[in-house]
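Peer 1:
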Amino acid sequence: MDNLYGVLSEYLDNNTMLKWNIIIDLASQIPISNIISFSIHNKVDYRYPFDYDLGYICLEEGNNESESVLTYYSDTLLALTDRFIDNHIALCNIFIIILRSSSRSDYKSEMVNMFVNKIGNDRSKSIFLTLIDSLSEELYKQNNNIKQNPKNVDEWCRLFRMATYLDSHALSYNSIIMLVSQKIRLDFRCVPKIPPIIRAILIDFYGLEIHLNQDDIKELDTLSENEISFIVAYIIENLYHPEALEWFNPEVADSLMLTHWNYGGKKLVSRIILEKTKQQSKKPQSNLSPIYKDLINSFSNHLTDANISLWFTGLEFPEDCITISILILETIKVDGDEYNLSLIPENIRSIFCNSIFQSLIKPETLIRKLITDENSTTVFNFFTLDSVYQNFLTVLCYLLLKDDSISKKKLKDLCFKYRKYFYCDYDTLRVAEEFVEFVLLVLLSIIQINGLEDKDLEKWKDLVSMVTDTVLYPYIVNAEEEEYIWNPEYELNMNYTTLPKYYINLYLRELFKSSYSVIAKDLFSKISEYKTAVWPYER
Amino acid sequence: MKTAPNMNVLLLLTQKICNTKEEKLIFLFKKPINDYSESDSVYWFRNGNPIKLTGKLSINQRVAFCNDKEAESIFNSIIDENATDINGNKVIFQVPNVTRKEIRDPNLILSSVSYFCNVLNYYPIELQIKENCNLLCGYSIEYKNCIKPIGILPPLQFHTYIQSNQIAINLQRKKCISFRGAHTASVQGRGSKQIIGFVQESFDNKKKYIIKINNDADEFKGECAIDTSSGLFKVDLSDYIASGKLYYYINGKLNMCIDFSLVQDIVLNINIITNTMTDAYGRSYHRTNLSRDCMKPITWYKSNYISVNDAYKALSDIFYHLFSYLGPDIIIFDPYFIGNLPDNNATKDPITSPESQKAFINAIGITLFESVFTFKFTICGCPKRAKSQVTKDSGCELTIMEELYNKYQKYLNKLMPPYKLYPKYVNFFEVDDEFHNRYYFSKNIINGSTSLSKPIIITNSIGNLKEVDVIPVEDESQANMICSKYLSLLSAAKSINEVLNG
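Chains A and B, in that order, are what the protein sequence lines are. At position 420 of the first sequence the residue is numbered 415 (the working numbering), and the sequence of numbers has no breaks. Just add 182 to wherever you are in the second sequence, counting from 1, and you've got the working numbering.
(1) Which bits of chain B does I35(A) rub up against, with CB to CB less than 8 angstroms?
(2) Taking Cβ to Cβ, would you say V522(B) is nearer than 9 angstroms to V572(B)?
(3) Under DSSP, the beta strand (DSSP E) around D511(B) begins and ends at which residues?
(4) Would you list, in chain order, the members of the stretch 406 to 425 of chain A that have their beta-carbon closer than 7 angstroms to a beta-carbon of chain B?
(5) When DSSP labels each residue in this structure, what does C562(B) get in the three-state scheme?
(6) Just how far apart, CA to CA, sit L409(A) and S221(B)?
(7) Mapping DSSP to helix, strand and coil, what is R362(B)?
(8) Flag this pair as yes or no: are the beta carbons of I18(A) and N(-2)(A) separated by less than 9 angstroms?
(9) Under 9 angstroms between the Cβ atoms of V417(B) and I395(B)?
(10) Looking at R244(B) and K264(B), is the spacing between their C-beta atoms short of 9 angstroms?
(11) For C358(B), I'd like the list of residues in its chain whose CB is within less than 7 angstroms of its CB, leaving aside the five on either flank, ordered along the chain.
(12) At the level of alpha carbons, what is the spacing between T556(B) and L504(B)?
(13) Excluding five sequence neighbours on each side, which residues of the same chain lie with their C-beta closer than 7 angstroms to the C-beta of N300(B)?
(14) Identify which residue in T66(A), L3(A) and I286(A) has its Cα closest to the Cα of N88(A).
(15) Let me check understanding here. Comparing Cα to Cα, which of R153(A), N147(A), L86(A) and S460(A) lies closest to K120(A)?
(16) Would you please state the rounded distance, in angstroms, between the beta carbons of I303(A) and N342(A)? I believe it to be under 8 angstroms.
(17) DSSP three-state call for C200(B): helix, strand or coil?
(18) How would you label V459(A), buried or exposed, when you count the other beta carbons within 10 angstroms and need 16 or more for buried?
(19) Contact criterion: CB-CB distance below 9 angstroms. Does T185(B) meet it with respect to chain A?
(20) So, does the CB of V191(B) fall closer than 9 angstroms to a CB anywhere in chain A?
(21) For G320(B), would you say it is in contact with chain A, using Cβ-to-Cβ distances shorter than 9 angstroms as the test?
(22) Any beta carbon of chain A sitting closer than 9 angstroms to that of F617(B)?
(23) Can you tell me the Cα-Cα spacing of L154(A) and Y102(A), whole angstroms?
(24) Let me check understanding here. Comparing Cα to Cα, which of L215(A), I91(A), N296(A) and T308(A) lies closest to I52(A)?
(25) Measuring only between beta-carbons, confirm whether R344(A) sits less than 9 angstroms from chain B.
(26) Do you know how far the Cα of T373(A) is from the Cα of A228(A)?
(27) Under the three-state reduction of DSSP, which class applies to A165(A): helix, strand or coil?
(28) Between which two residues does the alpha helix (DSSP H) harbouring H618(B) extend?
(29) Specify, as a first and last residue, the run of the beta strand (DSSP E) that F551(B) falls within.
(30) How is the alpha helix (DSSP H) around T389(A) delimited, first residue to last?
(31) Let's test the definition: count the other Cβ atoms within 10 Å of the Cβ of F552(B) and tell me whether it reaches 16, buried, or not, exposed.
(32) Which full runs of the beta strand (DSSP E) of 3+ residues lie inside the stretch 238 to 307 of chain B, going along the chain?
(33) Are the C-beta atoms of K261(A) and some chain B residue less than 9 angstroms apart?
(34) Enumerate in chain order the residues of its own chain whose CB-to-CB distance from S265(A) is below 8 angstroms, with the five nearest sequence positions on each side excluded.
(35) Could you pull the start and end residues of the beta strand (DSSP E) that Y502(B) belongs to?
(36) Are the C-beta of A239(A) and some C-beta of chain B separated by less than 9 angstroms?
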């Protein structure tokens, strides 16, 4: 043990490079004693930051003498710090020794504190930068799965998830952060220097808080897509930790909604909408409501032509359409959760209908996406057929009846475009089926709407007849091959093909009982003409 | 269902013949569809004008939608009279000599009528390749000139038709009969005592519709009448059955028969996947047990593939199959080793490789990964010959071969971090004696003595492949001769590790 200072001193003198594997080097030079030993595994494992274990100096604990050993050990390191105070690389290497020292839980943070106090803030910061720089070069260098630069919110969120599966405590990242911050908290300005995977580990594993000050917020508009994506992913990650997002304000919301809409605001709104359907969102510590409110206000306060064109064109179907529908509904809330559809601003009606029409008009694009992507099984995503999807269907139904942008002919042409896919193999046919299910669900959503005028009801009848004359027959014949339709004793769970059929039957049953049943007479008679089975809505 | 489906889709693929208005028939496909039309008219997609599928093959497509009667008439006129009317124009086809064959299910119900082409080498060679057929069927993001509407032909099915020389297929309309063993009457391991199901039919109240269930030995187990108001039937059986035959009779006449086996007692064998890898073409692999008992001769021509990427994907798969057949200890004799690796100018780092080398190395990577790094590759080359293929860096002090070996070493060790492939998994050996053939072998050590087996002839070197044949040597005496000669070369070969390090 007496030898420790000497051996370390000589080692630090002789090494002018940053040595992450310093413990492995030292293990051969320091004899193992009853108070100090080494833990080294020569195992390659690419969950480790360097593909191998960096090793630990293990300090004895649990007996009366141990505290004096720890004091001696930290005194030795502090003495070395003194000796090498002007040698940057040696200080970095001393810090790495501290990182790789294993003892009682709070010992390491005590040592880091002593070390930082000894060398002062400027040196600490510069060591922090050197270590982070080196890590961005070296870390997970060999692991192709991790070495990636997330480019959008989804990729960032995926990286956060991936961090969960890494050996996140293999390097004490929190101790590295302590070089520049007392808390696990960083100023946003430090963040771009930190490699994505370390950010992910810090946020996911160590709960790092990132703070944006007023100046950062003022500059949000100038940030790159990549950094905005990171910020949005960070917000999503911390939706239930209000203290991590104290800085979120209307100015941030405006920047995300107006300047960074396509890769920022849209992603955040849609995620919050999803979260709001979960029970967890009702917990008091949830951050959802204030952030959501800021985003909604930003939307409703900026409904200018330029922004409308930004928000309403190039919508991804159906995710973006759902997001926009919810934003529209939020602006026309009248009393608590009640909406008044007639308040939907005139200037967004046609553009919304047309935008959805445009996203459906090329079935081939949707089909190609489905049949070439092994992971996707559906285009219309009826999995999310809950209140959120229902809101979208209702808004669209209302606008189809009130706005003239989608004429009878347009709908008929669209139906014909999809009809030919009923003639194709399974995946393609499924897209045709989903299209009919979507159109039926939109039209059947009339049951959610009150106060329609006669001319609206006439238009509904006309639109329905376009469907019954074109795609209803092949849909009915194919749909009733499904056990959910023909078997009154159906016991299996709903899946992505039965779920829309369940809702169609539910709505048909309600329609049959409702005051709209008169205008739906032709629809019911056509269904009866085409089908063989007794459908669930009839039972 | 008061209105029975009557629609069909007809797909017609032809090739234009120079200096004539006639078109060579490549493929004719008629499929009945669950749709209905009151009209007798034929709807030709894009007015029946031929739509070019790919410039390379000059194949044209036409698609028609029409009722049963019209579809039958068009199909027969093309096959029997070699002509049909398309939107008012008479189009004449060159139809090869064909043999008509009725395809029936095991219970002799007609499922399709197929016409088999009797002319040898009739199809364009490109259609023999599965990947090209998939592209034509639309299963690709990049390739837009596919058969429209997308999905009219399932991709693997198209290739199967072509491979079996079926030039025209007339599928027959089938009724939908769905059924299952009733949950309440089922016992695990024994089957069900009640079958519940549904027949989709335009029922006529004057007729009787009966479902009869027999067991595997075709012994009667139960029957019931179908409820014509819902198409529903419930057959109570005299015994538990797990599989058997379902017969559908209309007024006592057999209309359909289905062999069935109830799905039950399924135990999923879930292997927890600890690791997956993505190959050079973006495909994912999981760890499996590699072993293949046979290797068929394969021919690969780059030019036959519509997509170059598909071509090299297929080449990589050929090597991968070859390796899993030969493994775990694989000896490769190729005078040029794996060819030259171009330097990356900026760094002198051989990190780029020609596509065929990439395919080869990719196959090594997948094989190593899937075998959990239990495979080993020894590549023996002939420096006397290899030298001629390599350019020397003028400023370098190493010999031309040392330079090449260094490149191999760098290249291989960069590929699958953290595994350094060279020399533990892939090693190179120099052979002094000249040889020029290329063979792949499996190396075995039995009772301490080394032997080579399963010789495979490879007709070209890895360097920059445009075409290659893979031919397993089947004749025993020829195989023995090749193995003994190359075993002696292998024994005398020097590892390049020795060459580099003295």
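Quick reminder that beta carbons are idealized off the backbone N, C-alpha and C, glycines included. Owing to the predicted nature of the structure, the values given are computational and were not obtained by experimental measurement.
Peer 2: Answer, in terms of the structure:
(1) Position 40 of the first sequence, counting from 1, holds the residue named residue 35(A). Chain B residues near I35(A): none, gap ~17 angstroms exceeds 8 angstroms.
(2) Working through the second sequence from its first residue, we reach residue 522(B) at position 340. Working through the second sequence from its first residue, we reach residue 572(B) at position 390. Before going on, a small fix: residue 522(B) reads as Asn here, not Val. Taking 9 angstroms as the Cβ cut-off, N522(B) and V572(B) qualify as a contacting pair.
(3) Position 329 of the second sequence, counted from the first residue, corresponds to residue 511(B). Run containing D511(B): D511 to F515, per the beta strand (DSSP E) assignment.
(4) K415, Y416, F417, Y418, C419, D420, D422 and T423
(5) Taking the second sequence and counting its residues from 1, one reaches residue 562(B) at position 380. If DSSP states are grouped into helix, strand and coil, C562(B) belongs with the strands.
(6) For the purposes of this step, residue 409(A) is identified with residue 414 of the first sequence, where counting begins at 1. For the purposes of this step, residue 221(B) is identified with residue 39 of the second sequence, where counting begins at 1. Roughly 21 angstroms separates the two Cα atoms.
(7) Numbered from its first residue, the second sequence carries residue 362(B) at position 180. Looking at R362(B) - three-state DSSP - the assignment turns out to be strand.
(8) Taking the first sequence and counting its residues from 1, the one referred to as residue 18(A) is at position 23. Taking the first sequence and counting its residues from 1, the one referred to as residue -2(A) is at position 3. Result no, Cβ atoms of I18(A) and N(-2)(A) do not sit closer than 9 angstroms.
(9) For the purposes of this step, residue 417(B) is identified with residue 235 of the second sequence, where counting begins at 1. For the purposes of this step, residue 395(B) is identified with residue 213 of the second sequence, where counting begins at 1. Taking 9 angstroms as the Cβ cut-off, V417(B) and I395(B) qualify as a contacting pair.
(10) Position 82 of the second sequence, counted from the first residue, corresponds to residue 264(B). Position 62 of the second sequence, counted from the first residue, corresponds to residue 244(B). Sequence inspection shows Asn at residue 264(B); the Lys mentioned does not correspond to that position. No, the Cβ-Cβ distance between N264(B) and R244(B) is not below 9 angstroms.
(11) Within the second sequence, numbered from 1, the residue matching residue 358(B) stands at position 176. These residues qualify, in order along the chain: Q382.
(12) Against the second sequence, residue 556(B) aligns to sequence position 374. Against the second sequence, residue 504(B) aligns to sequence position 322. Whole-angstrom Cα-Cα distance: 16 angstroms.
(13) The residue given as residue 300(B) occupies position 118 in the second sequence. Contacts found: P278, N279, V280 and T281.
(14) For the purposes of this step, residue 88(A) is taken as residue 93 along the first sequence, with counting starting at 1. Measuring from the Cα of N88(A), the nearest candidate turns out to be L3(A).
(15) In the first sequence, the residue the question calls residue 120(A) occupies position 125. Nearest C-alpha to K120(A): L86(A).
(16) The sequence position of residue 303(A) within the first sequence is 308, counting from 1. The sequence position of residue 342(A) within the first sequence is 347, counting from 1. Indeed, because the Cβ distance is near 6 angstroms, the residues count as touching under 8 angstroms.
(17) Here residue 200(B) is taken as the residue at index 18 of the second sequence, counted from 1. In the structure shown, C200(B) sits in coil (DSSP, three-state: anything other than H, G, I, E or B).
(18) As a first step, residue 459(A) must be located in the first sequence, where it is residue number 464. V459(A) comes out buried.
(19) Here residue 185(B) is taken as the residue at index 3 of the second sequence, counted from 1. Yes, T185(B) lies at the interface with chain A (some Cβ there is under 9 angstroms from its Cβ).
(20) For the purposes of this step, residue 191(B) is taken as the residue at position 9 of the second sequence. Judged by the 9 angstroms Cβ criterion, V191(B) is in contact with chain A.
(21) The residue given as residue 320(B) occupies position 138 in the second sequence. Yes, its Cβ sits closer than 9 angstroms to a Cβ of chain A.
(22) For the purposes of this step, residue 617(B) is identified with residue 435 of the second sequence, where counting begins at 1. Output row for F617(B): interface = no.
(23) For the purposes of this step, residue 154(A) is taken as the residue at position 159 of the first sequence. For the purposes of this step, residue 102(A) is taken as the residue at position 107 of the first sequence. Those two C-alpha atoms are separated by around 31 angstroms.
(24) Taking the first sequence and counting its residues from 1, one reaches residue 52(A) at position 57. It is I91(A) whose Cα lies nearest to the Cα of I52(A).
(25) Here the question's residue 344(A) lines up with position 349 in the first sequence. Chain B, which has no Cβ nearer than 9 angstroms to the Cβ of R344(A), makes this no.
(26) To locate residue 228(A), count along the first sequence from 1; it is residue 233. To locate residue 373(A), count along the first sequence from 1; it is residue 378. About 25 angstroms.
(27) Here residue 165(A) corresponds to residue number 170 of the first sequence, with the count starting at 1. Of the three classes helix, strand and coil, the one that applies to A165(A) here is coil, per DSSP.
(28) In the second sequence, residue 618(B) corresponds to position 436, counting from 1. It is not in any alpha helix (DSSP H) - H618(B) carries neither H nor E in the DSSP assignment.
(29) Counted from its first residue, the second sequence places residue 551(B) at position 369. First-last for F551(B): E537 to E552, but that is the alpha helix (DSSP H), not the beta strand (DSSP E).
(30) Here residue 389(A) refers to the residue found at position 394 when the first sequence is read from its first residue. Here the alpha helix (DSSP H) through T389(A) covers S382 to K397.
(31) Locating residue 552(B) in the second sequence gives position 370, counting from the first residue. One point to set straight first is that residue 552(B) is Glu, not Phe, in the sequence displayed. By the 10 Å Cβ count, E552(B) comes out buried.
(32) 241 to 249, 265 to 268, 271 to 276, 280 to 286 and 292 to 299
(33) Indexing the first sequence from 1 puts residue 261(A) at position 266. No, K261(A) does not count as interfacial toward chain B.
(34) Start at 1 with the first residue of the first sequence, and residue 265(A) comes out as number 270. Excluding residues within five positions, the ones whose Cβ falls inside 8 angstroms are E314, D315, I317 and T318.
(35) Walking along the second sequence from the start, residue 502(B) turns up at place 320. No beta strand (DSSP E) holds Y502(B); the alpha helix (DSSP H) holding it covers V490 to L508.
(36) For the purposes of this step, residue 239(A) is taken as residue 244 along the first sequence, with counting starting at 1. So no, A239(A) is outside the interface.
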